[in-house]
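Under the numbering used here, the first residue of the sequence shown is numbered 2, with each subsequent residue one higher. For each residue, glycine too, the CB sits at the ideal point set by N, CA and C. Here the structure is laid out as structure tokens; the discussion comes afterwards.
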Amino acid sequence: MLEGQKTEEKESEKGTVKIGYVQWASAEASTHIVEEVLEEKMGYNVELSVLQTGGMYQATTDGEIDAFVCSWLPDTDKNYWEKHGDKLVELNNNYLHAQIGIVVPEYVTIDSIAEMKDHADKFDKRIVGIDPGAAQMIVIKDKTMPNYGIEDWDLEESSGPAMTAELGRSIKDKEWVAVTGWKPHWKWSKWDLKFLKDPDLTMGEGEYIKSMGRPNIKKDLPEVASFLETYQVTTEQLGSVMLAIQNGKDPKKAAEEFVKNNEEAVNKWIPNK
2 MLEGQKTEEK ESEKGTVKIG YVQWASAEAS THIVEEVLEE KMGYNVELSV LQTGGMYQAT
62 TDGEIDAFVC SWLPDTDKNY WEKHGDKLVE LNNNYLHAQI GIVVPEYVTI DSIAEMKDHA
122 DKFDKRIVGI DPGAAQMIVI KDKTMPNYGI EDWDLEESSG PAMTAELGRS IKDKEWVAVT
182 GWKPHWKWSK WDLKFLKDPD LTMGEGEYIK SMGRPNIKKD LPEVASFLET YQVTTEQLGS
242 VMLAIQNGKD PKKAAEEFVK NNEEAVNKWI PNK
């Protein structure tokens, strides 16, 4: 029990770190990796909060959340960044080469969003979306759909899990379906999919995922800030955790196994390791 008691004392001394995230597969996986490192490798208590995108930015600006690791820039979260960016602390790009867009199965015979309006009947004039507060939903509704003449289509509000469930059902029945999609995500490992080209770049040219901290995080939580300034995952690393979660593993357990199996990479993130 002595070792456990020491750990509890250490955690109590270091205090609690509050991390927010949106319920996207990539955000869930990345946040649980961060939680595992902070708790098991660095000795902090961690409290996680699932929030809408706007609420996550606001809570961090207000200091109710210490940090989050799922800021999609420069385009997806642009509106939230313009509102809150001058108050937040930029920590690191934790994932490079991210992408958002409208995704269809490979068997769909068009390759561009510009072609969608000519196949309205096959798509049933709908795009299966995610939570309405997601920045991607706002961009697609306000910019992409009007730009390509499909503003009268239905952008269905749902959630990440509901969207992938509908995608899977449609693929099973070989139906045409369009969904709001992004990389990184486990669906690319499960099905043959493609982004429809966005020739007018209504959703930007490419994204990165950034870690953000609340005001004064470097002063109040210097070790945590230093870790988040170093934390960065590859497609393979993040994908392994996302896929484990999708296959039914508890997110905390999936992150625990990742940290255990990637000790060399993890140790590079930890200050003074």
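Expressed to the nearest angstrom, what Euclidean distance is found between the alpha-carbon atoms of residue i and residue j?
i: I218; j: K118; result: 48 Å
i: W82; j: K254; result: 32 Å
i: N263; j: N273; result: 18 Å
i: E12; j: E40; result: At E12, the pLDDT of 45 sits below 50, so the modelled position is not reliable; the number obtained from the coordinates is stated separately. Their Cα atoms are separated by approximately 8 Å.
i: E89; j: W270; result: The sequence given here places Leu at residue 89; Glu does not occur at that position. Taking the straight line joining both Cα atoms gives about 21 Å.
i: K279; j: D122; result: A question about residue 279 goes unanswered here, because the residues of the chain that appear run from 2 up to 274.
i: K173; j: D193; result: 12 Å
i: E152; j: D112; result: 19 Å
i: K126; j: D143; result: 17 Å
i: L239; j: A256; result: 10 Å
i: N268; j: N94; result: 18 Å
i: H85; j: K175; result: 43 Å
i: E107; j: T165; result: 15 Å
i: T231; j: L92; result: 8 Å
i: V260; j: E206; result: 32 Å
i: L168; j: I34; result: 27 Å
i: V104; j: K250; result: 26 Å
i: T17; j: K220; result: 15 Å
i: P185; j: F228; result: 22 Å
i: K191; j: L49; result: 28 Å
i: Y58; j: S171; result: 34 Å
i: M146; j: W73; result: 20 Å
i: A60; j: L244; result: 29 Å
i: P216; j: P252; result: 29 Å
i: V109; j: P75; result: 29 Å
i: T1; j: H98; result: Lying before the first or after the last residue shown, residue 1 is absent from the chain, which here runs from 2 to 274.
Can you tell me which of the options puts its alpha carbon nearest to the alpha carbon of residue i?
i: L87; options: K220, D132, D63 and A30; result: Note on residue identity: the sequence assigns Asp, not Leu, to residue 87. Of K220, D132, D63 and A30, the residue nearest in Cα terms is D63.
i: A179; options: K261, Y45 and W154; result: W154
i: P200; options: E230, V129, A115 and F69; result: A115
i: E14; options: W183, N46 and D67; result: N46
i: H120; options: T145, I141 and G150; result: G150
i: S160; options: K19, W25 and T17; result: W25
i: A28; options: I141, I128 and V242; result: V242
i: Q100; options: L197, Q247 and Y232; result: L197
i: T32; options: G249, E176 and Q233; result: Q233
i: L222; options: G169, M43 and V129; result: M43
i: G134; options: E206, G56 and E237; result: G56
i: A136; options: A60, M204 and G214; result: M204
i: W177; options: I246, Q247 and F124; result: F124
i: N248; options: T236, T235, K188 and A226; result: K188
i: G182; options: P75, E36 and V140; result: V140
i: I128; options: A60, A163 and Y58; result: A163
i: L202; options: E258, N148 and P252; result: N148
i: M138; options: K195, D78 and L97; result: D78
i: D132; options: E157, A30 and D76; result: E157
i: V38; options: V225, Y96, G102 and T110; result: V225
i: E237; options: E208, Y96 and G214; result: Y96
Can you give me the start and stop residues for the beta strand (DSSP E) that residue i sits inside?
i: Y209; result: E208 to G214
i: H98; result: V90 to P106
i: I128; result: R127 to V129
i: K195; result: L194 to F196
Output the boundary residues of the alpha helix (DSSP H) element that contains residue i.
i: S227; result: P223 to T231
i: T236; result: T236 to Q247
i: E265; result: E264 to W270
i: E14; result: L3 to K15
Restricting to runs no shorter than 3 residues, where is the beta strand (DSSP E) found entirely within the segment 144-187? Listed in chain order, they are 155-157 and 180-184.
Using 8 Å as the threshold, is the segment 65-76 in touch with the segment 20-39, meaning 3 or more CB pairs across them? Because the criterion of three Cβ pairs below 8 Å is met, the segment 65-76 and the segment 20-39 touch.
List in chain order: all unbroken alpha helix (DSSP H) runs of 4+ residues lying wholly within the segment 19-89. Entirely contained in the segment 19-89, the alpha helix (DSSP H) runs reaching 4 residues are, in chain order, 26-37, 54-62 and 79-85.
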